[in-house]
Amino acid sequence: MTHSTALNYKAIVRILGTILFIIGISMIIPWLYAEFAKEPESARAFRICAPITAVFGLLIMVTIKNHTVKFRSREGYLVVALCWLIASIAGAFPYYISGHAGNFLDAIFESTAGFTTTGCTSINAEYTEQSLVLWKAISHWLGGMGILVFVISILPALGINGQYIARAESPGPVLEKMTVRMSDSAKILYLTYFTFTALEFILLMLSGKMPVFDAAVNTMGSISTGGLVVHPAGIIHYDSLYVEIVISVFCILSSVNFVLYHYLITGKPGYLFKDIELRVYLCIIAIAVCICTANLVFVDGLAPGSALRESFFQVVSMATTTGYVRDTSILWPATCQIIMIALLFIGGCSASTAGSIKVVRIIVMMKLIWRGCIKRIHPRSVVAVKLGDSSMSVSLVTGITTFIFTYLGVFFISAVVLSLQGLDMETTFTTTLAMLSNTGIAFGETSSIINFSFFHPLLKLYLSALMIIGRLELFTILILFTRNFWGRAR
Numbered sequence: 002m003t004h005s006t007a008l009n010y011k012a013i014v015r016i017l018g019t020i021l022f023i024i025g026i027s028m029i030i031p032w033l034y035a036e037f038a039k040e041p042e043s044a045r046a047f048r049i050c051a052p053i054t055a056v057f058g059l060l061i062m063v064t065i066k067n068h069t070v071k072f073r074s075r076e077g078y079l080v081v082a083l084c085w086l087i088a089s090i091a092g093a094f095p096y097y098i099s100g101h102a103g104n105f106l107d108a109i110f111e112s113t114a115g116f117t118t119t120g121c122t123s124i125n126a127e128y129t130e131q132s133l134v135l136w137k138a139i140s141h142w143l144g145g146m147g148i149l150v151f152v153i154s155i156l157p158a159l160g161i162n163g164q165y166i167a168r169a170e171s172p173g174p175v176l177e178k179m180t181v182r183m184s185d186s187a188k189i190l191y192l193t194y195f196t197f198t199a200l201e202f203i204l205l206m207l208s209g210k211m212p213v214f215d216a217a218v219n220t221m222g223s224i225s226t227g228g229l230v231v232h233p234a235g236i237i238h239y240d241s242l243y244v245e246i247v248i249s250v251f252c253i254l255s256s257v258n259f260v261l262y263h264y265l266i267t268g269k270p271g272y273l274f275k276d277i278e279l280r281v282y283l284c285i286i287a288i289a290v291c292i293c294t295a296n297l298v299f300v301d302g303l304a305p306g307s308a309l310r311e312s313f314f315q316v317v318s319m320a321t322t323t324g325y326v327r328d329t330s331i332l333w334p335a336t337c338q339i340i341m342i343a344l345l346f347i348g349g350c351s352a353s354t355a356g357s358i359k360v361v362r363i364i365v366m367m368k369l370i371w372r373g374c375i376k377r378i379h380p381r382s383v384v385a386v387k388l389g390d391s392s393m394s395v396s397l398v399t400g401i402t403t404f405i406f407t408y409l410g411v412f413f414i415s416a417v418v419l420s421l422q423g424l425d426m427e428t429t430f431t432t433t434l435a436m437l438s439n440t441g442i443a444f445g446e447t448s449s450i451i452n453f454s455f456f457h458p459l460l461k462l463y464l465s466a467l468m469i470i471g472r473l474e475l476f477t478i479l480i481l482f483t484r485n486f487w488g489r490a491r
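Be aware that the sequence shown starts at 2, since it is given in my numbering, and climbs by one per residue.
Here you go:
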């Protein structure tokens, strides 16, 4: 039996209008700051962009009423992809109109880096007006919360089966248990994100090292694992161990599965302590810190205290895909740099603001390798792949395996595309990984300033697409290019 393939375009456009309205309202904050700080170029840009974006979004919301057509999984995938595309385009105009972006493709790159929480830039950050830095911090914050709350909260409330998208974002069984009550859990997820943001802001203000502007930008940059900084020297500018510890701790908190906080708040702390992904993630960070510290002490001759401080901050930055970088890290021994690259591939936990492959998928892949070894020894044995106490279904294991191979495929194809720039292999490979993992750190020609302005404009557009693909975990975008997605539903 065949069913109509007509997409619910009215509902899709209405959601896009809502996104535009939210973005327009969010622009009011940097607009007011630009007026207060007497930044004429940025003030003019926001004076144009904020009302037009908000009013246009509001008109769409008012004009297009709720539609009765069922909102299916196909609309869910399409609307998520379009929302990130629309957000990146709408958010680019302040950079372009203010004149800080050399062309509109640079502005698109900057905006996409903001909403996808990728800690990179294509404009001269040293001369960028503070209101634009604030706008990028806000887009970081919206993007960090958006991928978590929008995908697993708003769409189910509209009648979409959240598991279709949740599987692409977070394949763990903990999230699957929660998907039954996703709409009921939305307020707790919002509250957790807001609470972390407020708490980190207060703690950074207490450091005595930051004015209000710096504390706000660094809070939004770290809580979203975006990695935005106010000063070219980064967090090291403040020369404060306290600041580094606070930011590192909140980066870790944001890269942990937010569903665990849901269980913790609702009086079920057992889920937090028995979660295998969290335990493995913390072990990965601890082991990486120990190896890098030992390497810096015995190879580079650093004092143990300094080595531990540098290692902890940089390892956390990479493991959480936040993207902060110390100037000295580019001079680290090869062992440390290899560990950094490995951390970028692994990423954070599922259902968090962190990017990349995610720890839970790495765990499943290692269990599959172990099962393969056992089957070689005992061909007739039945070895289930378990995550904690639960056996994983064949479809879930297959999906995770497919994701990892697809991730690697996109990585290598993108590296070939970027090689057209004529850069060295190290820069090409690490730039690809920086975009796909939403970290923004690349080694080689781009390592010291995290600035990708030297790329060809068309390659910047490709890098922007790569950031969105990485943020939405591949399949949400790739599925749109399949014939079955647009064919007849059966």
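For glycine and all other residues, C-beta sits at the position ideal for the given N, C-alpha and C. Just so we're clear, the structure is a prediction, and the values are computed from it rather than from any experiment.
Three-state class that DSSP yields for residue i in the structure shown
i	result
Ser392	strand
Thr122	strand
Asn452	strand
Lys359	coil
Lys387	strand
Asn219	helix
Ala93	coil
Gly209	coil
Val300	coil
Glu427	helix
Gly471	helix
Ser132	helix
Asn439	coil
Ala199	helix
Lys66	coil
Gly445	coil
Gly349	coil
Met28	coil
Leu459	helix
Pro233	coil
Distance between residue j and residue i (C-alpha atoms, nearest Å)
i	j	result
Ile237	Arg327	7 Å
Leu279	Trp85	28 Å
Ile478	Gly410	15 Å
Glu36	Cys337	45 Å
Ala343	Asp301	21 Å
Thr407	Pro41	46 Å
Ser112	Ser89	5 Å
Leu459	Leu83	20 Å
Ala51	Met206	29 Å
Ile286	Gly441	19 Å
Ser396	Arg362	14 Å
Gly400	Gln131	43 Å
Lys137	Tyr194	18 Å
Pro212	Phe413	43 Å
Ile340	Ala289	7 Å
Ala352	Val56	33 Å
Tyr282	His101	39 Å
Glu127	Ile375	56 Å
Residue i classed as buried or exposed, judged by whether at least 16 other C-beta atoms fall within 10 angstroms
i	result
Ser394	exposed
Thr431	buried
Phe141	Note on identity: in this sequence residue 141 is His, with Phe being the wrong assignment. So His141 counts as buried.
Asn9	buried
Phe482	exposed
Arg75	buried
Trp32	buried
Ala308	buried
Trp487	exposed
Ser382	exposed
Phe274	exposed
Arg484	exposed
Given residue i as reference, the closest of the options once Cα atoms are compared
i	options	result
Thr226	Tyr128, Ile24 and Ser357	Ser357
Phe404	Met366, Ile26, Leu419 and Leu309	Met366
Val63	Ala51, Leu33 and Leu17	Leu17
Ile61	Lys137, Lys11 and Ala93	Lys11
Arg523	Leu265, Phe455, Lys387 and Phe214	No statement about residue 523 is possible, as the shown extent of the chain runs from 2 to 491 and does not include it.
Thr118	Ile340, Arg310, Tyr272 and Thr322	Thr322
Phe110	Asn452, Ile480, Arg377 and Ile339	Asn452
Ile277	Cys350, Ser208 and Leu106	Cys350
Asp425	Asn439, Phe456, Val398 and Ser438	Phe456
Cys252	Gly228, Val418, Ala217 and Ser241	Gly228
Leu464	Leu21, Ala38 and Cys121	Cys121
His263	Glu245, Leu192 and Met436	Leu192
Phe313	Val250, Cys374, Ala355 and Pro334	Val250
Lys210	Gly222, Leu200 and Asp240	Asp240
is_contact[residue i, chain C] using C-beta, thresh 7 Å
i	result
Ile414	No chain C appears in this structure, which consists of one protein chain only.
Residue i: CB within 6 Å of a non-hydrogen atom of the ligand FMN
i	result
His101	As far as ligands go, the structure on display features none, and thus does not contain the ligand FMN.
| request: For the segment 302-342, list the alpha helix (DSSP H) runs that are entirely contained and at least 4 residues long, ordered along the chain. | output: 305-320
| task | Please specify which runs of the alpha helix (DSSP H), each continuous and at least 4 residues long, are wholly inside the segment 235-301, giving them in chain order. | result | 242-255, 259-266, 271-275 and 277-299
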